Each structure stands twice: as C-alpha cells, then as structure tokens.
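**Q** Residue 170 in the working numbering sits at position 161 of the sequence shown; the count goes up by one each step and never skips. Beta carbons are placed, not taken as given, at the ideal position from N, Cα and C, and that holds for glycine. As the structure is a computational prediction, the values presented were derived from the model and not from experiment. The following block contains the structure, expressed as structure tokens.
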Amino acid sequence: MIFLKTDEEIELMRESNKLLGMAYGEIAKAIAPGVSTAQLDKLAEEFIRDHGGIPSCKGYEGYPATLCTSVNEQVVHGIPSDKVVLKEGDIISVDCVVGLNGYQADSAYTFPVGEINSETMRLLKTTRECLNLGVAQAIAGKRIGDIGFAVQQHAEVAGFSVVREFVGHGIGRDMHEEPEVPNYGRRGNGVVLKNGMVLAIEPMICLGRRNLILEADEWTARTVDRKPAAHYEYSVAVRNGKADVLSTFDYIKEVLGDKFI
Ligand code: MF3
Ligand code: CO
C-alpha cells in the first residue's frame, strides 16, 4: 500500500532530512586521505544522536552501522571499517537514513577524495545529473517509469550503465515503503504518481558493466569488473506541478565550495 503524506507529515520529513543534510556537512568536512570509514561512521552516529535523531540503518536487518560507505568499485551497503582508509583518488559513496519525529530521511552522496581521474569525475557528474532528471519527473500525473526512463536515458547516452539489483523506494514512517522506484524503465509505465507520495530517488550508475556481486560480508555490493560506481539520493515529495526535494546537499556544498558536484 502506498501512503500519501499530509502537508504536516511532509514538513516533518523535511526536518528529518535537514538533520541528515547537516550530518552530511560533518562527513564532508572529515573526508580526506588517511581517514577510515569507521571514523566517518562514528562521527555521523554521534552527530545524529546528539541532535535527537535515530541512525535507522543501525540494526536494520542486522546491518551494523549508521552509514553505508562504499568505496570505488563498491556500489552500495559497504560496511564502515577501521581497515578501510581513504586515499587520494578514491571515491566514497555515503548513504544514510535518519529517523526524527517518527519520519525517515534517506539520502546519499558520492564524494571524491582529493583529485580523481577525469573519467571518474564524469561518472559522478553524470550520476548527479541523473538524480536531478529523475527528480524532475516526480510530479503528480507522471508515472514511476518516467523517473526510471529519465535516469537510464541520461546514464546510457553518457556511456555508463544502470544498476538493476537495487532500486529507490517510497519512504515515510518506514525506510522502505511502496512503490519501488527503479532507475530504468519506460515512459508511461508503472504506478501513477500522486500528490503527497514521498519517494527516495537514488540512481546507482556504473562506469563499466552493470553486473554486481555481493562480497563475503553479505552486505557490500560491488561491480564484477571492479570499475567504479556512483550513487546520489534524495527523498522527494511528489507535488502537483513541481517535485519538492526534502533532502538537502546545502551543508555539503558549504564545505566543498567549487568542488561540490
Ligand atoms: N539508503 C539505503 C536503502 O535505501 C539504506 C539501506 S542500508 C541498510 O536501501 F543497512 F539499512 F539496509
Ligand atoms: Co534509499
């Protein structure tokens, strides 16, 4: 069942997303060569709890951490570890869900670590554009397939591939609600979008082939060809006439300045 949110609920979700956005600002400050993903996880958990939020991934189906930290060829659900130390030229996708006042916020951002090669930077920029193009379809009267089509088209024209095993989702009181939001599809297919739906739109795009395997920890998904992948995600309210992005990357932007993607 798809839960339509009231205006009041959407404002509560904007609040949980604001806290998540602020946590991303702290993460952005900390990302640098020599920093471990466990350090990032610790600071994120402390920041979220200090501000009254709940790190919702921790304990979700046994997941052990606040953040998912997926480095280079890791696509999603990388587990933070003191053994994973960032180095110049890496990319790191950080994905996090925060609960506040009973409502979940979900967003993700792929950060470059220092200078990265130009093809990987093109992957990051293209994936970020895919997110914006998907979001632009989150309008009442459009369909789920319109979102997927917009994302897939842009990624594939750029020569990249779209992950199929993981998809976006409805979000609200629960992290994962109906409907599923694939990053591929056909225009005019799927569920009709209605005012008050809230969707986590999250393109996961691979520089090489889209095939994934699960690492031995049974969480981390990585590309088979070990080429990098990027992941950007917003929680978005479907509105009449214009999508309403509830998530914010503004705090990341403050930190990254002209390096903001
Ligand atoms: N943003 C991720 C998702 O939409 C968060 C899930 S991580 C988990 O699936 F650990 F909580 F599963
Ligand atoms: Co999500």
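I believe Val106 touches Ser65 by the beta-carbon criterion, under 8 Å. Please report the beta-carbon distance rounded to the nearest angstrom.
**A** Along the sequence shown, one-based indexing puts residue 106 at 97. Along the sequence shown, one-based indexing puts residue 65 at 56. Correct: roughly 4 Å between the Cβ atoms.
**Q** Can you tell me where the alpha helix (DSSP H) holding Cys77 begins and where it ends?
**A** If you number the sequence shown from 1, residue 77 lands on position 68. Here Cys77 belongs to no alpha helix (DSSP H); instead the beta strand (DSSP E) covers 76 to 80.
**Q** What are the residues that DSSP puts in a beta bridge with Pro121?
**A** The count along the sequence shown starts at 1 and reaches residue 121 at position 112. In DSSP, Pro121 forms a bridge with Ile100.
**Q** Out of Leu109, Val207, Asp50, which has the shortest C-alpha to C-alpha gap to Val190?
**A** Residue numbering aside, residue 190 sits at position 181 when the sequence shown is read from its first letter. Taking only the C-alpha atoms, the option nearest Val190 is Val207.
**Q** Excluding the 5 residues preceding and the 5 following Lys262 in the sequence, name in chain order all residues of the same chain whose CB lies nearer than 8 Å to its CB.
**A** Sequence index remark: in the sequence shown, residue 262 carries index 253 (1-based). Phe269, listed in sequence order.
**Q** In angstroms, rounded to a whole number, what distance separates the CA positions of Glu224 and Ala230?
**A** The residue labelled residue 224 in the question sits at position 215 within the sequence shown. The residue labelled residue 230 in the question sits at position 221 within the sequence shown. Glu224 and Ala230: Cα-Cα distance of roughly 6 Å.
**Q** Taking Cβ to Cβ, would you say Val176 is nearer than 8 Å to Asn192?
**A** Translated into the one-based positions of the sequence shown, residue 176 becomes position 167. Translated into the one-based positions of the sequence shown, residue 192 becomes position 183. Yes; because the gap between Cβ atoms is below 8 Å, this pair is in contact.
**Q** Compare the C-beta of Arg231 against all C-beta atoms of chain C and say whether one is closer than 8 Å.
**A** Reference to chain C is not applicable here, since this structure consists of a single protein chain.
**Q** Out of Gly154, Phe56, Met10, point me to the one whose CA is closest to Arg196's CA.
**A** As a working mapping, residue 196 is identified with position 187 in the sequence shown. Of Gly154, Phe56, Met10, the residue nearest in Cα terms is Gly154.
**Q** Give the secondary structure of Gly43 by DSSP, where H, G and I count as helix, E and B as strand, and everything else as coil.
**A** What you label residue 43 is simply residue 34 of the sequence shown in a count that begins at 1. Three-state DSSP puts Gly43 in coil, outside helix and strand.
**Q** Between which two residues does the alpha helix (DSSP H) harbouring Met130 extend?
**A** The residue given as residue 130 occupies position 121 in the sequence shown. From DSSP, the alpha helix (DSSP H) with Met130 extends over 127 to 144.
**Q** Closest by CA to Tyr72, which one among His178, Glu227, Ala32?
**A** Here the question's residue 72 lines up with position 63 in the sequence shown. The residue with the shortest Cα to Cα distance from Tyr72 is Glu227.
**Q** Whose C-alpha, out of Ile148, Ala114, Glu242, is nearest the C-alpha of Ile210?
**A** Taking the first residue of the sequence shown as 1, we reach residue 210 at position 201. Comparing Cα positions, the closest option is Glu242.
**Q** Can you give me the Cβ contacts of Met184 inside the same chain, cut-off strictly under 6 Å, excluding the 5 residues immediately before and after it?
**A** The residue given as residue 184 occupies position 175 in the sequence shown. Cβ neighbours of Met184 beyond the five flanking positions: Ser65, Val106, Gln113.
**Q** Just to check, is the beta-carbon of Glu242 closer than 7 Å to a non-hydrogen atom of the ligand CO?
**A** In the sequence shown, the residue the question calls residue 242 occupies position 233. Yes, the beta carbon of Glu242 sits closer than 7 Å to at least one heavy atom of the ligand CO.
**Q** Quick one: give me the first and last residue of the beta strand (DSSP E) that Gly179 is part of.
**A** Taking the sequence shown and counting its residues from 1, the one referred to as residue 179 is at position 170. Looking at the DSSP string, the run of the beta strand (DSSP E) that includes Gly179 is 177 to 179.
**Q** Less than 8 Å between the CB atoms is what I'm expecting for Glu128 and Arg235, so what's the real figure, rounded?
**A** The residue labelled residue 128 in the question sits at position 119 within the sequence shown. The residue labelled residue 235 in the question sits at position 226 within the sequence shown. Their Cβ separation, rounded to whole angstroms, is 14 Å, which puts Glu128 and Arg235 out of contact at 8 Å.
**Q** What number of angstroms, rounded off, separates the C-alpha of Arg219 from the C-alpha of Leu142?
**A** Mapped onto the sequence shown, residue 219 falls at position 210. Mapped onto the sequence shown, residue 142 falls at position 133. About 20 Å.
**Q** Put Tyr243 into one of helix, strand or coil per three-state DSSP.
**A** The residue given as residue 243 occupies position 234 in the sequence shown. Strand.
**Q** Suppose you measure from the CA of Ala47 to the CA of Arg58; what does that come to, to the nearest Å?
**A** Residue mapping note: residue 47 aligns to position 38 of the sequence shown, counting from 1. Residue mapping note: residue 58 aligns to position 49 of the sequence shown, counting from 1. The alpha-carbon atoms of Ala47 and Arg58 are separated by roughly 17 Å.
**Q** Below 7 Å, is the gap between the Cβ of Val106 and the nearest heavy atom of the ligand MF3?
**A** Taking the first residue of the sequence shown as 1, we reach residue 106 at position 97. Indeed, a heavy atom of the ligand MF3 lies less than 7 Å from the Cβ.
**Q** Where do the N-terminal and C-terminal ends of the alpha helix (DSSP H) with Val207 fall, by residue?
**A** Working through the sequence shown from its first residue, we reach residue 207 at position 198. That residue, Val207, is in no alpha helix (DSSP H); its beta strand (DSSP E) goes 207 to 210.
**Q** Kindly give me the distance between the Cβ atoms of Arg152 and Gly199, rounded to whole angstroms, as I take these residues to be in contact under 8 Å.
**A** For the purposes of this step, residue 152 is taken as the residue at position 143 of the sequence shown. For the purposes of this step, residue 199 is taken as the residue at position 190 of the sequence shown. At roughly 5 Å, the Cβ-Cβ gap stays under 8 Å, so Arg152 and Gly199 are in contact.
**Q** What residue from Asp50, Ser116, Glu124, Ile148 has the CA that sits closest to Lys92's CA?
**A** For the purposes of this step, residue 92 is taken as residue 83 along the sequence shown, with counting starting at 1. Among Asp50, Ser116, Glu124, Ile148, the Cα nearest to that of Lys92 is on Asp50.
**Q** Look up Ser90 in the DSSP assignment and say whether it is helix, strand or coil.
**A** Locating residue 90 in the sequence shown gives position 81, where the first residue counts as 1. In the structure shown, Ser90 sits in coil (DSSP, three-state: anything other than H, G, I, E or B).
**Q** With 16 other CB atoms within 10 Å as the buried threshold, where does Ile156 fall?
**A** On the sequence shown, position 147 is the one that residue 156 refers to. The residue is buried, with at least 16 neighbouring Cβ atoms inside 10 Å.
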